[in-house]
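Protein chains in written order, with our numbering: chain D, 1 to 104; chain U, 105 to 271; chain H, 272 to 392.
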Amino acid sequence: MIGAAAIGLIVAIGLMLIRALSGPTLYDRVLAMNSLGTKIVLFIGVLGFVLGRPDFLDISVLYALINFVSTIAILKFFRYRSFQVPLMRRTMPQRRSQSGGDDA
Amino acid sequence: MGYLLGLIVVLGALWLGLSGIYEPLLLTLSVISIAISILLAARLETVDREGVPYARTPQLFAYWAWLLVEIFKANWPVIKACVRADLDINPALVKVKTRCESDFAKTIFANSITLTPGTVTVEVEGDKLLVHALFEEEATPDSFAEMDERSARAADGRKSSKGEVTA
Amino acid sequence: MPEVMDVIMAVKPVLGAFLCLVGAGLAIIGTVGVLRFPDFYTRLHAASITDTGAATLTLVGMALLAPTWLIVFKLAAIWLFLFLTGPTGSHALANAAHTAGLQPVIGRQRDGAGADDEGGA
């Protein structure tokens, strides 16, 4: 049954990849990658139990942290076009995203 | 000073829990890494009430327990909207006014709204929150009032709506 | 009460695996929602099912399967990380999209198709 859970998570990861590849705006893709990361964290943990080696959870912890940092880093970069800007509210002029579909 | 001590205790507990091997060499390494973390935190000036909110741990955990129940209740409509054959949603942007004063309380309130499926905080400005909701009829200002009051009480511990002083 | 403990120990792995399976099912449901919903902001709601419901159920299931307390601690740490970083990431996404001028779809949406066209409306 735990194997079925791992397969189910794989299916979810595969479906989410469709959104990540086809997402019309940049934010859809980042959302898909963030959600994909959460699912991969769960999948690595479940895989550890399937293989009888729960030590895999260390990788899960690391992946959860890196996933969050990378999401914030991508968003920061596409907002300010630089990693050098301090993250503060209302300091930079608003910019439009490059690949943001149509702007309505 | 109390904040620094709280940070040391929490980081130490995290190391001991994640490591699981208690040899002298690794314990020395743990002391070194905790010292580096604290140096970095002090340099970022985050060792204060907001960065180290462990003094209010019991209240925060009580709030968290209440929030978990709310999250699982809020999961149902979104799951139903995902799996039903025809799309039937009613997204809306609503403005919510909060009575939280400190930034810490506002953060907890906004994060609770985001964590609850069906509502996402889009923008925080002063004491007004812009919330995007999946179902307009479930995102009336009244539905946020209890969460607002509870998060304000958990984070600040002052004056609930009846004016009584808690904690 | 040794027999009660025996029953608990016999039920625990089955219950744990079942909870993992339910969590995986919720992850699939959330993904289906992300694929179906019409615009970015509504997809954010579907993704938050995965962040909250699926993650909690799967991690609780794994905790029931765990052989030692150390692993339960690690699972609790992962759960704490996910619950602290998930809403921050979601809010950062929504705020970035809003600041960049992406307009949400407002009002009742009532058709069967239409998940994969443009994001703004």
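The C-beta atom is built at its ideal place from N, Cα and C for all residues, glycine as well.
According to DSSP, simplified to helix, strand and coil, what is residue i?
i: H/I299; result: helix
i: H/L328; result: helix
i: H/Q380; result: strand
i: U/L238; result: coil
i: U/T223; result: strand
i: U/V198; result: strand
i: U/L233; result: strand
i: U/I125; result: coil
i: U/V156; result: coil
i: U/V114; result: helix
i: H/V282; result: helix
i: U/V228; result: strand
If we define contact as Cβ-Cβ less than 7 Å, is residue i a contact residue for chain D?
i: H/M333; result: yes
i: H/T323; result: no
i: H/A281; result: no
Is residue i near residue j, with beta carbons less than 7 Å apart?
i: U/S216; j: U/D260; result: no
i: D/I7; j: D/F49; result: no
i: H/L286; j: H/L335; result: yes
i: U/V198; j: U/A237; result: yes
i: H/A326; j: H/L353; result: yes
i: U/P221; j: H/V376; result: no
i: U/L233; j: U/T225; result: yes
i: D/A4; j: D/M16; result: no
i: U/V182; j: H/I320; result: yes
i: D/F56; j: H/T356; result: no
i: D/L21; j: D/F43; result: no
i: H/M333; j: D/G37; result: no
i: U/A214; j: U/V228; result: yes
i: H/P358; j: U/L219; result: yes
At 9 Å on the CB atoms, spell out the chain B contacts of residue i, in chain order.
i: H/T329; result: Within the model displayed, chain B is absent; protein chains D, U and H are what it includes.
Any beta carbon from chain U within less than 7 Å of residue i's own beta carbon?
i: H/I349; result: no
i: H/R314; result: no
i: H/A365; result: yes
i: H/P358; result: yes
i: H/V343; result: no
So, does the CB of residue i fall closer than 7 Å to a CB anywhere in chain H?
i: D/R81; result: no
i: U/I193; result: yes
i: U/E250; result: no
i: D/L31; result: yes
i: D/M27; result: Rather than Met, the amino acid found at residue 27 of chain D in this sequence is Tyr. Chain H contact via Cβ: present.
i: D/V50; result: no
Is residue i a contact residue of the ligand COA, with contact defined as CB to any heavy atom under 6 Å?
i: U/N215; result: Absence of the ligand COA from the depicted structure is noted, as is the absence of any ligand whatsoever, leaving it without description.
>> Under 8 Å, with one C-beta from each stretch per pair, do the region 291–299 of chain H and the region 252–263 of chain U reach the 3-pair mark?
In response: Touching, no, given that fewer than three Cβ pairs across the two stretches are closer than 8 Å.
> Fully enclosed by the region 11–85 of chain D, which alpha helix (DSSP H) runs are 4 residues long or longer?
Replying inline: Listed in chain order, they are 26–50 and 57–80.
>> Quick test of the definition: if touching needs 3 or more C-beta pairs under 8 Å, does the region 362–374 of chain H touch the region 300–309 of chain H?
In response: Flag = no, the region 362–374 of chain H and the region 300–309 of chain H do not touch.
> If you pair each beta-carbon of the region 18–37 of chain D with each one of the region 302–314 of chain H, do three or more pairs fall below 8 Å?
Replying inline: Yes: the two stretches touch, three or more of their Cβ pairs being nearer than 8 Å.
> Which runs of the alpha helix (DSSP H) spanning at least 4 residues fall entirely within the region 311–364 of chain H, listed in chain order?
Replying inline: Qualifying alpha helix (DSSP H) stretches, in chain order: 311–320 and 326–336.
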